[in-house]
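Below is one structure; the comments refer to it alone.
Numbering (my numbering), first residue to last: 11 to 1154.
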């Protein structure tokens, strides 16, 4: 309907005082209402689309301004977090004040039927929401100015409301409005078309996905009044699973979708259940009056929608709800208690109600059934009802992971009717339903007539595989009872396009949020039509996508190439392939580039298969139980075939493969680069082969000159060693080839064209540059920073395995937005100390890699994980050990590993945190490397410390694992004897042990030393192969000074002075002391063992500095083992005056 604007007075805002804003770094801070206009104006006759994302740092409201004239009038579409409202407002100047009228208001999340209990849970969440996308579409037509307003791309103020602006709209400038808030705006786009809509990288273009936030299971699939309605599990405040709501979309053809407001909300404790209740999965149906009088009273028309969902609260009860406005809003009506399944003392899994007919009298259903899943206990329950309102118990069955059960009937290709039960959308059983009226039980039987309730061993239950791939789940079929539907009489289903949560072969859907923005969850699979085919005594379920031969999809047939690769002309972004072959080993490769491909094929050993082994994971580390569960191959196993058939759908990473005339299905999510678009076919011959380019169902009739350019880098970093070149790849929503130009820094980088839309960027020297990408009206600039750092580490790093690595002035920088980045050196060692000082950054973890193979098939890794506050040691085989370490200063992490055969020690900030032993299958040698996980880290000092040294002569130089002050050195072999500080010095990383120390040792051999620094403590082994000998030279001393000589390890056999042997002397701490009384001449001949030298007694009077014990303190400087005092070479180190030293 059309609706003229009605003006409601909202508030008066003074131009002076209240209207104030501050802009800093594109942040806008406002008290009261304020306006910022852009330098872009549309006149009253121009149509345009204006969209942006409002990001809240704090505050209440902000929005988009259009049709504005400075200090005069402003049209505003905004989001008010505090009121949980989106509003259309008109601000206008009245004398000296700005007045504002609210034209329309609507709930951001909610509707007029919301209860207070629902508002208690919803409104506080909305008040804290961090970002909201807003969009204004103005269309100038003959009958007036039509306007559409969207938040999170959901149409507001009535999905069927045709809004026409009144004469107050005169065109004008666009801009921003802020009200008591601190915000900034991103993803700002404006033009004559909505050219940015659903263009995000990895966004599927002909599958359903919600615009923003999270989704999982499809719910309540139903056809009613010309629309196919899809409800789905959503969390509207993040890109991960949390409190569940029901999102909503509709379509007239199951191809083109319209996003609708969220329609089902959690609530605090009510008559519908204990505790806060969240809206889990369920099913829906069309209700026709006459089944139950109470339900009849819920509807104003002859029919309406009835739905059943699980309320997840203190227990899992089911709730009946109704809608009398075509599914836009719902009213909760009655609780079906968990008690009915026989468990009332605790909460159990009791969820995902699916309602289906059991008995009919003609066209009238006389008994209804409801399945409820208990996945935790591998069983499901069945309830029964004659009127859809009053329910009772009707049986319990065992099955593996019975989540989101579906039940439907199909006519097989032999014209027999059968009931199909599906579980999770992963397995199915074909059989029949009957009712045991004596015992009041609904009976499920298999094709052999066996009651499924009699199977106690779930492994014996005769289920078959639905999806041979990893990525479909929670499949549900549509309720269609209207002959107007083109699928009337058929069974159509959709699945969550994601794997089994927590499954070994399924990747974690949450991790996709690292590359999906602003949505996550996977969306839904292409709707398929089910069929049954007979094969000997068995029947098999087939799944035929509705895209096949569908006129609602716009497809362009691709001409096959005459070259060796007949798929050379194919762009696999949005692709349909339909092919038949004689039986032979063969394969397709799609989403292909030099770096990756996804392989789809057939072999005698695997049967049909899809191989994700060589497909990019966008840097995300997908693992299950420590092992990669993304790079895997999925197959049917060997099967007998007369002919090979493939129907392949590829949609920006989502791949669905249907083989053997749709009997075998593979649903596979990939993170193939959007720039990997090539395809090939390896086969001897084919029977038929057709390929089609599919156009987006989300964007149609776009202006051919307006669009976006995406690139694999928004900014580029290079260096002059590790990352000297990178490929810059552009992708545009426009048709044509993107131009690449260097705007600044031609002497810093060079560009080399590799193929259309792909250039190689090389670094030439340190500096900055700017690259422009352009196509028609679309432009994008890429800044380039070339680092010029020099490697000053002990090892040379050369092999980038993954991630981005740069040699900078601060050290080696490793960056990986999500998942792991690895860098390997050309140094291979077995036993060592390996150290780095690390600035972790704001992300997850950084690590030292060691004993690795160059292909990373074998490795050991020690990391600090800031998310878990742990240090962890693991190998390619297992997690070896972990230690909780708590909060640390992540900007200054001193981290090192000591590897000695099977023993691995890990130290954090000089504290031993892990001491572990390796198993026999873990490596004892290999290459050193570095690792980052979901962060940007700087490895500021990378050193290796050898453990074994050899001493022959002179001084011994030891290289410490870090630059640090050495506190003490201990000779561990000599009972931890401390090494006197006069025997060593340290400068930066070099520790020098003086030759004189080795003169103190009494025998050759291996000595272990413990070196304690301010940052690290380590041990070394010194193999002393030679003991240096002490030699004496002529010297002078002052009169009446004792003679003190350093003798080290010299054994004294004989001492004589001036020819006379003396036996009165002392030896203490490697020093020999002889009394001055033996020095009777000016020149005295001293003989120690067989060494002779002259000691000259200086009779000059000398002023001495005396300590209290009459010891003469002399400043010493060691030269060649002697001592220099005032220019005279001496060996005297300590002189005592007028006092004899005893022989202790």
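Even for Gly, the Cβ is constructed at its ideal location relative to N, Cα and C.
Please state whether the Cβ-Cβ distance between residue i and residue j is less than 7 Å.
i, j, result
"residue 883", "residue 924", "yes"
"residue 616", "residue 650", "no"
"residue 130", "residue 244", "no"
"residue 394", "residue 452", "yes"
"residue 700", "residue 816", "no"
"residue 241", "residue 162", "no"
"residue 274", "residue 259", "no"
"residue 1084", "residue 1060", "no"
"residue 590", "residue 698", "yes"
"residue 332", "residue 316", "yes"
"residue 583", "residue 743", "no"
"residue 829", "residue 520", "no"
Any beta-carbon of chain D closer than 7 Å to the one on residue i?
i, result
"residue 1007", "Absent here is chain D; the protein component of the structure consists of one chain."
Let me make sure I understand the geometry here. Which of the options has the alpha-carbon closest to that of residue i?
i, options, result
"residue 1160", "424, 563, 539 and 654", "No information on residue 1160 is available, as it lies outside the stretch 11 to 1154 that the chain covers here."
"residue 356", "284, 329, 381 and 375", "284"
"residue 422", "457, 402, 403 and 409", "457"
"residue 330", "281, 358 and 374", "281"
"residue 487", "433, 493, 453 and 471", "433"
"residue 660", "610, 45, 251 and 352", "610"
"residue 120", "1054, 293 and 338", "338"
"residue 64", "829, 192 and 408", "192"
"residue 740", "750, 734 and 733", "750"
"residue 369", "348, 415, 397 and 353", "397"
"residue 940", "846, 893 and 888", "846"
"residue 354", "327, 379 and 334", "327"
"residue 440", "430, 114, 97 and 627", "430"
"residue 346", "292, 97, 185 and 57", "292"
"residue 549", "595, 42, 473 and 127", "473"
Kindly identify the DSSP beta-bridge partner or partners of residue i.
i, result
"residue 995", "1002"
"residue 117", "95"
"residue 428", "420"
"residue 1189", "Outside the displayed span of the chain (11 to 1154) sits residue 1189, for which this structure offers no information."
"residue 65", "141 and 194"
"residue 855", "875 and 943"
"residue 981", "987 and 1019"
"residue 778", "795"
"residue 361", "383"
"residue 769", "738 and 763"
"residue 554", "539"
"residue 44", "188"
"residue 830", "943"
Say yes only if the C-beta of residue i is nearer than 6 Å to one or more non-hydrogen atoms of the ligand FMN, and no if none qualify.
i, result
"residue 70", "Inclusion of the ligand FMN in the displayed structure is not the case, the ligand content being empty and no account of it being possible."
>> Threshold first: 3 residues or longer. Then list the beta strand (DSSP E) segments lying entirely within the segment 648-700, N to C.
In response: 654-661, 664-669, 674-679 and 688-692
>> List, from N- to C-terminal side, the beta strand (DSSP E) runs of 3 residues or more that fit wholly inside the segment 108-179.
In response: 141-151, 154-161 and 172-175
> Pairing CB atoms from the segment 843-860 with CB atoms from the segment 887-904, are three or more of them under 8 Å?
Replying inline: yes
>> Measuring CB atoms only, is the segment 503-516 touching the segment 671-688, in the sense that at least three cross pairs come out at less than 8 Å?
In response: yes
> Taking the runs of the beta strand (DSSP E) that are 3 residues or longer, which of them lie wholly in the segment 268-321?
Replying inline: 288-298
> Quick check: the segment 564-573 against the segment 630-648, are there 3 or more CB pairs under 8 Å?
Replying inline: no
>> Closer than 8 Å is the cut-off here; do at least three beta carbon pairs connect the segment 190-205 with the segment 254-262?
In response: no
>> Threshold first: 3 residues or longer. Then list the beta strand (DSSP E) segments lying entirely within the segment 461-509, N to C.
In response: Qualifying beta strand (DSSP E) stretches, in chain order: 483-487 and 502-506.
>> For the segment 785-800 against the segment 718-735, do three or more pairs of beta-carbon atoms, one drawn from each stretch, fall closer than 8 Å, so that the two count as touching?
In response: As far as the Cβ criterion goes, the segment 785-800 touches the segment 718-735, which means the pair count is three or higher.
> When the Cβ atoms of the segment 487-500 are set against those of the segment 232-239, are three or more pairs found closer than 8 Å?
Replying inline: yes
> Quick one: complete beta strand (DSSP E) runs, 3+ long, within the segment 879-917?
Replying inline: 880-885, 889-894 and 903-910
>> Is it the case that the segment 357-367 contacts the segment 375-387, given that we only count it when at least three CB pairs across the two stretches are under 8 Å?
In response: yes
> If you pair each beta-carbon of the segment 962-981 with each one of the segment 994-1003, do three or more pairs fall below 8 Å?
Replying inline: Yes, since at least three Cβ pairs between the segment 962-981 and the segment 994-1003 fall closer than 8 Å, the two stretches touch.
> Are the segment 1064-1071 and the segment 1027-1045 touching, with three or more C-beta to C-beta distances below 8 Å?
Replying inline: no
>> Contact between the segment 59-78 and the segment 178-195 is defined here as three or more beta-carbon pairs at a separation below 8 Å; is this criterion met?
In response: yes
> Are the segment 398-417 and the segment 466-479 in contact at 8 Å, needing three or more beta carbon pairs?
Replying inline: yes
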